[in-house]
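Peer 1: Those sequence lines, one after another, are chains B and Y. For the first sequence, numbering that gives the first Met the number 0 assigns the number 0 to the initial residue and increments by one for each residue that follows. For the second sequence, numbering that gives the first Met the number 0 assigns the number 0 to the initial residue and increments by one for each residue that follows. Note that the Cβ used here is the ideal one computed from N, Cα and C, for glycine as well.
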Amino acid sequence: MEAFWIILVGSLIAVSCAILGSYLILRKMAMVGDAISHAVLPGIVIAYLLSGSRETLPMLLGAAFLGVLTTILIELFYKKARLQIDASIGITFTWLFAIGIILISLFAGQVDLDQDCVLYGEIAYVPLDLWVTESGYNMGPRTVWIASGLLLLIVLFIWKGYKGLFITTFNEEFAKALGIGVAFWHYALMGAVSLTTVVSFESVGAILVVALLIVPPATAYLITTNLKKMLVLASIFGILSAFGGYYLAAAINGSIAGAMATVAGILFGIVWVAILMQKRRPSKTAINYLD
Amino acid sequence: MNSTFQFISFSDPNVLFVVLGTMILGASAAIVGCFSFLRKRALVGDAIAHSILPGVCLAFMVSGSKNPFYLIIGAFITGWLSLLLIDGITRTTKIKSDTAIGIILSVFFGVGILLLTSIQHSGNAAQAGLDKFLFGKAASLTKDDIYVFSSIAIVLVIVVVLFYKEFKLISFNPDYAKVIGLPVRFLEFLLATITVLAVAVGIQAVGVVLMAALLITPASGARFWTDKLSTMILIATLFGAASGFLGSYISYIAPAMPTGPWIVMCLSLLTIGSIWFAPKTGMLSKFRVQKENNRKILIENVLKLFYHLGERTNGFKDERSTTALLETRDLRIKELQRGLNLLKQSHWVRKKGENWVITESGLTEAKRIIKLHRLWEMYLNQRLKLQPDHVHNDAEAIEHIITPQLEIELEKELNYPTKDPHESIIPYNE
Numbered sequence: 000m001e002a003f004w005i006i007l008v009g010s011l012i013a014v015s016c017a018i019l020g021s022y023l024i025l026r027k028m029a030m031v032g033d034a035i036s037h038a039v040l041p042g043i044v045i046a047y048l049l050s051g052s053r054e055t056l057p058m059l060l061g062a063a064f065l066g067v068l069t070t071i072l073i074e075l076f077y078k079k080a081r082l083q084i085d086a087s088i089g090i091t092f093t094w095l096f097a098i099g100i101i102l103i104s105l106f107a108g109q110v111d112l113d114q115d116c117v118l119y120g121e122i123a124y125v126p127l128d129l130w131v132t133e134s135g136y137n138m139g140p141r142t143v144w145i146a147s148g149l150l151l152l153i154v155l156f157i158w159k160g161y162k163g164l165f166i167t168t169f170n171e172e173f174a175k176a177l178g179i180g181v182a183f184w185h186y187a188l189m190g191a192v193s194l195t196t197v198v199s200f201e202s203v204g205a206i207l208v209v210a211l212l213i214v215p216p217a218t219a220y221l222i223t224t225n226l227k228k229m230l231v232l233a234s235i236f237g238i239l240s241a242f243g244g245y246y247l248a249a250a251i252n253g254s255i256a257g258a259m260a261t262v263a264g265i266l267f268g269i270v271w272v273a274i275l276m277q278k279r280r281p282s283k284t285a286i287n288y289l290d
Numbered sequence: 000m001n002s003t004f005q006f007i008s009f010s011d012p013n014v015l016f017v018v019l020g021t022m023i024l025g026a027s028a029a030i031v032g033c034f035s036f037l038r039k040r041a042l043v044g045d046a047i048a049h050s051i052l053p054g055v056c057l058a059f060m061v062s063g064s065k066n067p068f069y070l071i072i073g074a075f076i077t078g079w080l081s082l083l084l085i086d087g088i089t090r091t092t093k094i095k096s097d098t099a100i101g102i103i104l105s106v107f108f109g110v111g112i113l114l115l116t117s118i119q120h121s122g123n124a125a126q127a128g129l130d131k132f133l134f135g136k137a138a139s140l141t142k143d144d145i146y147v148f149s150s151i152a153i154v155l156v157i158v159v160v161l162f163y164k165e166f167k168l169i170s171f172n173p174d175y176a177k178v179i180g181l182p183v184r185f186l187e188f189l190l191a192t193i194t195v196l197a198v199a200v201g202i203q204a205v206g207v208v209l210m211a212a213l214l215i216t217p218a219s220g221a222r223f224w225t226d227k228l229s230t231m232i233l234i235a236t237l238f239g240a241a242s243g244f245l246g247s248y249i250s251y252i253a254p255a256m257p258t259g260p261w262i263v264m265c266l267s268l269l270t271i272g273s274i275w276f277a278p279k280t281g282m283l284s285k286f287r288v289q290k291e292n293n294r295k296i297l298i299e300n301v302l303k304l305f306y307h308l309g310e311r312t313n314g315f316k317d318e319r320s321t322t323a324l325l326e327t328r329d330l331r332i333k334e335l336q337r338g339l340n341l342l343k344q345s346h347w348v349r350k351k352g353e354n355w356v357i358t359e360s361g362l363t364e365a366k367r368i369i370k371l372h373r374l375w376e377m378y379l380n381q382r383l384k385l386q387p388d389h390v391h392n393d394a395e396a397i398e399h400i401i402t403p404q405l406e407i408e409l410e411k412e413l414n415y416p417t418k419d420p421h422e423s424i425i426p427y428n429e
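1. Is it a yes or a no for the region 246 to 257 of chain Y touching the region 228 to 237 of chain Y, going by three-plus beta-carbon pairs under 8 Å?
2. Between B/Y136, B/A86, B/A241, B/A273, which lies nearest to B/W4 when the distance is taken from Cα to Cα?
3. Would you verify that the beta carbon of Y/G101 is, or is not, closer than 8 Å to some beta carbon of chain B?
4. Interface residues of chain Y around B/Y220 at Cβ under 9 Å?
5. Using the Cβ count rule (16 or more neighbours within 10 Å means buried), how would you classify B/P140?
6. Check whether the region 17 to 25 of chain B and the region 61 to 80 of chain B are in contact - that is, three or more C-beta pairs closer than 8 Å.
7. Quick check on the burial criterion: 16 or more other C-beta atoms within 10 angstroms. Buried or exposed for Y/Y378?
8. State the Cα-Cα distance for the pair Y/L374 and Y/D393, rounded to the nearest angstrom.
9. If I measure Cβ to Cβ from B/A29 and keep anything under 6 Å in the same chain, skipping five residues before and after, which residues do I get?
10. Could you tell me whether the Cβ of Y/T216 comes closer than 8 Å to any Cβ of chain B?
11. Between the region 18 to 41 of chain Y and chain B, which residues of the former have a C-beta closer than 8 Å to a C-beta of the latter?
12. Quick one: grab the DSSP three-state call for B/V44.
13. Using the Cα positions of B/L151 and Y/V301, report the straight-line distance between them to the nearest angstrom.
14. For the region 201 to 214 of chain Y, which residues have a CB atom closer than 7 Å to at least one CB atom of chain B, in sequence order?
15. Determine, using beta carbons only, whether B/G42 and B/M259 come nearer to each other than 8 Å.
16. Would you check if there are 3 or more beta carbon pairs closer than 8 Å linking the region 197 to 208 of chain B to the region 221 to 238 of chain B?
17. Using a Cβ cut-off of 9 Å, which residues of the region 39 to 65 of chain Y contact any Cβ in chain B, in chain order?
18. Note down the Cα distance separating Y/D11 from Y/V17, rounded to an integer number of angstroms.
19. So, under 8 Å CB-CB, B/T195 and B/F267 are touching, yes? Tell me the CB distance rounded to an integer number of Å.
20. Would you say B/L65 reaches chain Y, if we count a Cβ-Cβ gap shorter than 8 Å as a contact?
21. Check the Cβ of Y/A255 against every Cβ in chain B and list those closer than 9 Å, keeping chain order.
22. Leaving out the 5 sequence neighbours to the left and right, which residues in its chain are closer than 6 Å to Y/S149 when beta-carbon positions are compared?
23. Could you list which residues in chain Y have their beta carbon closer than 7 Å to that of B/M30, in chain order?
24. Evaluate contact between the region 215 to 230 of chain Y and the region 60 to 76 of chain Y, counting only Cβ atoms and requiring at least three cross-stretch pairs below 8 Å.
25. What are the residues that DSSP puts in a beta bridge with Y/W355?
26. What do you get for Y/A396, buried or exposed, if any count of 16 or more other CB atoms within 10 angstroms of its CB means buried?
27. My assumption, with CB atoms under 8 Å, is that Y/G25 sits in contact with Y/A240. Please give the rounded CB distance.
28. Taking only beta-carbon positions, decide if Y/F244 is within less than 8 Å of chain B.
29. For B/L59, which residues of its own chain have a beta-carbon under 7 Å away from its beta-carbon, when the five flanking residues on both sides are left out?
30. Under a Cβ-count criterion, where at least 16 other Cβ atoms within 10 Å of its own Cβ denotes burial, should B/A86 be classed as buried or exposed?
31. Put B/G32 into one of helix, strand or coil per three-state DSSP.
32. Is Y/I215 near Y/S105, with beta carbons less than 8 Å apart?
33. Does the region 314 to 325 of chain Y come close enough to the region 349 to 357 of chain Y that 3 or more CB-CB pairs lie under 8 Å?
34. What residues are listed by DSSP as bridge partners for Y/K418?
35. Note down, in chain order, each residue of its chain lying with its Cβ closer than 6 Å to the Cβ of B/A177, except the 5 sequence neighbours on either side.
36. Going by C-alpha to C-alpha distance, which of B/S36, B/V262, B/L232 sits closest to B/G326?
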């Protein structure tokens with residue numbers, strides 16, 4: 000049963016990440032996703048301090064706020080101060096992450112978060128944290144419910160906003176000309192990424208959520224150019240990573256989150272090599288033909 | 000205060016090691032980081048830093064010891080591998096470089112975490128402290144560490160000094176470097192190698208996650224103070240060393256505070272301070288210039304309203320109500336009010352009851368702007384052969400910018416015309 004819950008949570012998060020990550024990659028914002036996942040840390044710590052507990056809602060708000068603040072800071076440095084984009088991203092997230100770690104050390108007595116947990120979470124504890132209703136009925140692990148809620152929210156967001164996201168992703172100028180709120184979709188997507196990061200935070204950690212955001216969609220991107228197919232393939236690669244990760248971690252007794260990222264990387268590697276081989280073959284036949 | 004004195008006097012040799020160590024690491028990363036920054040490869044440094052974790056773990060698994068020399072070799076190998084893979088992905092697929100960086104960064108880090116936790120769970124007693132690579136171990140630097148890091152830092156500085164000109168050229172203009180026959184591939188290889196080395200030693204101080212800051216934050220801050228590479232490297236080095244010093248000071252007086260994040264905090268504050276306050280290029284001074292320009296444009300536009308009305312009614316010094324002034328131009332009432340008040344301060348308009356009157360000096364100024372506008376329209380029409388109905392918008396913008404020298408040139412070039420392309424009279428001040 001434990002394996003089932005862990006793989007289920009891993010898959011739910013992986014699919015949420017895969018969907019959002021596909022848009023991040025297509026918008027050439029992969030590293031902004033990386034930056035947000037680091038930068039939500041102070042938001043989570045402050046929410047923790049203010050609410051005094053590990054309640055989900057304050058953390059979501061704190062993280063969403065920091066996520067949007069991160070994008071605003073990056074744009075401020077990039078557009079107003081004319082600092083190049085990679086440096087703007089690098090400065091912003093390292094600074095916010097450092098603030099987060101400092102806050103954790105400062106309030107170590109009050110905040111039940113440790114530095115390692117920040118980096119790679121602990122999905123193995125998921126089955127232990129059960130949601131028991133007041134009447135004493137066992138609803139299963141709490142995280143499963145939160146992760147399902149997140150996935151539902153993201154699927155709704157993509158479904159309802161499909162057109163807006165599609166146009167602003169592929170043709171920003173055209174979207175502007177049509178009077179579509181480019182900024183709105185931008186910040187809505189960033190807010191969704193922040194939410195996903197914070198929900199994934201306890202289970203896979205702030206850093207490894209990046210692997211789930213970027214790697215499965217990138218693998219799908221190698222195979223297809225159709226957005227809908229990419230979303231489906233990315234989700235499948237995400238679920239495969241969750242499965243493979245669980246068993247790999249069990250085999251060498253390591254972090255499940257780390258193993259999930261490793262499997263996602265292996266999948267990417269396999270697809271990449273397969274595509275390279277395929278590319279090489281036709282060129283050979285072409286040469287033979289010329290002979 | 001007492002602890003401050005103890006810190007500065009280095010009465011405790013461990014303090015000396017920590018301070019020296021963090022300063023050396025901060026400075027050497029800053030020097031190399033300047034080139035990463037200029038070559039727009041700031042985030043590649045982040046990828047190298049994350050990729051070093053599996054290397055360190057593998058080196059430990061193979062050698063069974065935490066000898067810094069072995070660990071750096073392991074770090075060096077996976078750091079380099081990450082660079083090659085990023086390059087390979089961007090070259091052979093349609094994936095863009097930022098996505099490639101993200102893939103390598105997160106996967107290598109995931110592998111590192113997997114190996115690290117696996118080692119930790121294996122119960123090997125020698126592994127204790129390996130996790131210091133995540134957040135750095137500045138506070139526990141030893142004499143041996145200092146020897147290893149300073150020798151590497153010295154090598155880095157020597158390489159940068161020897162190849163300074165070449166690195167400068169491939170940072171600013173790699174194509175030109177290729178054309179004049181420099182071995183660009185070799186130089187890039189060399190630069191990448193010293194970057195990997197700087198990252199490998201730098202993570203000792205701040206850890207894998209924050210290493211990118213040590214590399215690029217000082218360079219970004221220094222960029223705001225100078226356009227000269229040598230000065231920039233010097234300032235970045237100072238930022239790096241100063242932050243190392245401050246970070247170790249803070250964790251000395253408050254031992255619960257982590258050194259690495261505080262070093263990054265100091266660096267970030269120095270850099271964000273530079274971004275805001277640096278003269279000329281800083282954001283504040285840019286805002287000031289922008290505000291000044293907006294003020295000038297508003298004043299000049301309001302003065303023009305008086306002139307246009309005067310031209311129409313043939314009485315430049317007639318009283319004008321705000322509604323009359325608003326009729327000639329699409330301007331918000333608040334803006335007009337602000338412009339009028341600014342003009343009053345310069346004694347270019349007077350208030351008469353509810354109405355406004357332009358003064359003699361105000362009229363002179365208005366004539367100057369109108370003249371510039373119409374001269375420019377004339378210039379576009381005659382020299383660039385633009386149709387008269389296409390010249391207004393351009394003139395509207397340039398009238399605020401034309402300098403007195405350019406004004407004289409224009410007058411001469413057009414031979415003091417009396418009318419613009421719309422047959423309006425060009426006013427000259429005697």
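Peer 2: So, from the listed chains and residues:
1. Taking a contact to require three or more Cβ pairs closer than 8 Å, the region 246 to 257 of chain Y and the region 228 to 237 of chain Y do not qualify as touching.
2. Translated into the one-based positions of the first sequence, residue 4 of chain B becomes position 5. Ranking B/Y136, B/A86, B/A241, B/A273 by Cα distance to B/W4 puts B/A241 first.
3. The residue you call residue 101 of chain Y lines up with position 102 of the second sequence. Chain B, which has a Cβ nearer than 8 Å to the Cβ of Y/G101, makes this yes.
4. Along the first sequence, read from residue 1 onward, the residue named residue 220 of chain B stands at position 221. Per Cβ cutoff of 9 Å: T92, K93, I94, T98.
5. For the purposes of this step, residue 140 of chain B is identified with residue 141 of the first sequence, where counting begins at 1. Under this definition B/P140 is a buried residue.
6. In short, these stretches do not touch, since the Cβ pair count stays below three.
7. Here residue 378 of chain Y corresponds to residue number 379 of the second sequence, with the count starting at 1. By the neighbour-count criterion, in which a residue is buried when 16 or more other Cβ atoms sit within 10 angstroms of its Cβ, Y/Y378 is buried.
8. In the second sequence, the residue the question calls residue 374 of chain Y occupies position 375. In the second sequence, the residue the question calls residue 393 of chain Y occupies position 394. Approximately 12 Å between the Cα atoms of the pair.
9. Locating residue 29 of chain B in the first sequence gives position 30, where the first residue counts as 1. Answer for B/A29: L23, I213, listed in chain order.
10. Counted from its first residue, the second sequence places residue 216 of chain Y at position 217. With 8 Å as the cut-off, Y/T216 counts as an interface residue toward chain B.
11. Within the region 18 to 41 of chain Y, the residues whose Cβ lies closer than 8 Å to some Cβ of chain B are F36, K39, R40, A41, listed in chain order.
12. Counted from its first residue, the first sequence places residue 44 of chain B at position 45. In the three-state reduction of the DSSP assignment, B/V44 falls in the helix class, which pools H, G and I.
13. One-based indexing of the first sequence puts residue 151 of chain B at position 152. One-based indexing of the second sequence puts residue 301 of chain Y at position 302. Going by the C-alpha atoms only, they are around 56 Å apart.
14. Listed by position along the chain: V208, L209, A211, A212.
15. Walking along the first sequence from the start, residue 42 of chain B turns up at place 43. Walking along the first sequence from the start, residue 259 of chain B turns up at place 260. No, these two residues do not count as a Cβ contact at 8 Å.
16. Touching, no, given that fewer than three Cβ pairs across the two stretches are closer than 8 Å.
17. For the region 39 to 65 of chain Y, which is checked against every Cβ of chain B, the residues closer than 9 Å are K39, R40, A41, L42, V43, G44, D45, H49.
18. Indexing the second sequence from 1 puts residue 11 of chain Y at position 12. Indexing the second sequence from 1 puts residue 17 of chain Y at position 18. C-alpha separation (whole angstroms): 10 Å.
19. In the first sequence, the residue the question calls residue 195 of chain B occupies position 196. In the first sequence, the residue the question calls residue 267 of chain B occupies position 268. Rounded to the nearest angstrom, the Cβ distance from B/T195 to B/F267 is 20 Å, too far for a contact under 8 Å.
20. In the first sequence, residue 65 of chain B corresponds to position 66, counting from 1. Not an interface residue.
21. The residue given as residue 255 of chain Y occupies position 256 in the second sequence. S104, L105, A107, listed in chain order.
22. As a working note, residue 149 of chain Y is residue 150 in the second sequence. Within the same chain, Y/S149 has close Cβ partners I23.
23. Here residue 30 of chain B is taken as the residue at index 31 of the first sequence, counted from 1. L42, D97, I100, G101, listed in chain order.
24. Contact between the region 215 to 230 of chain Y and the region 60 to 76 of chain Y is absent, because fewer than three Cβ pairs lie under 8 Å.
25. Looking up residue 355 of chain Y in the second sequence gives position 356. The partner list for Y/W355 (beta bridge, DSSP) reads Y/R319, Y/K350.
26. Your numbering for residue 396 of chain Y matches position 397 in the second sequence. Counting of Cβ neighbours within 10 angstroms places Y/A396 among the exposed residues, the total staying below 16.
27. Here residue 25 of chain Y refers to the residue found at position 26 when the second sequence is read from its first residue. Here residue 240 of chain Y refers to the residue found at position 241 when the second sequence is read from its first residue. Right, the Cβ-Cβ distance comes to about 5 Å (below 8 Å), so this counts as a contact.
28. By one-based count along the second sequence, residue 244 of chain Y stands at place 245. For Y/F244, the nearest beta carbon of chain B is not closer than 8 Å to its own beta carbon.
29. Numbered from its first residue, the first sequence carries residue 59 of chain B at position 60. Within its own chain, the residues whose Cβ lies closer than 7 Å to the Cβ of B/L59, once the five positions on either side in sequence are excluded, are L194, V197, listed in chain order.
30. Here residue 86 of chain B is taken as the residue at index 87 of the first sequence, counted from 1. Label assigned to B/A86: buried.
31. Indexing the first sequence from 1 puts residue 32 of chain B at position 33. B/G32 falls in the helix class under three-state DSSP.
32. As a working mapping, residue 215 of chain Y is identified with position 216 in the second sequence. As a working mapping, residue 105 of chain Y is identified with position 106 in the second sequence. Annotated as distal: Y/I215 and Y/S105, with beta-carbon spacing of 8 Å or more.
33. Touching, per the Cβ criterion.
34. Your numbering for residue 418 of chain Y matches position 419 in the second sequence. In DSSP, Y/K418 forms a bridge with Y/I424.
35. The count along the first sequence starts at 1 and reaches residue 177 of chain B at position 178. For the sequence presented, residue 177 of chain B should be read as Leu rather than Ala. Counting only Cβ-Cβ distances below 6 Å, and skipping sequence neighbours, we find nothing.
36. Lying before the first or after the last residue shown, residue 326 of chain B is absent from chain B, which here runs from 0 to 290.
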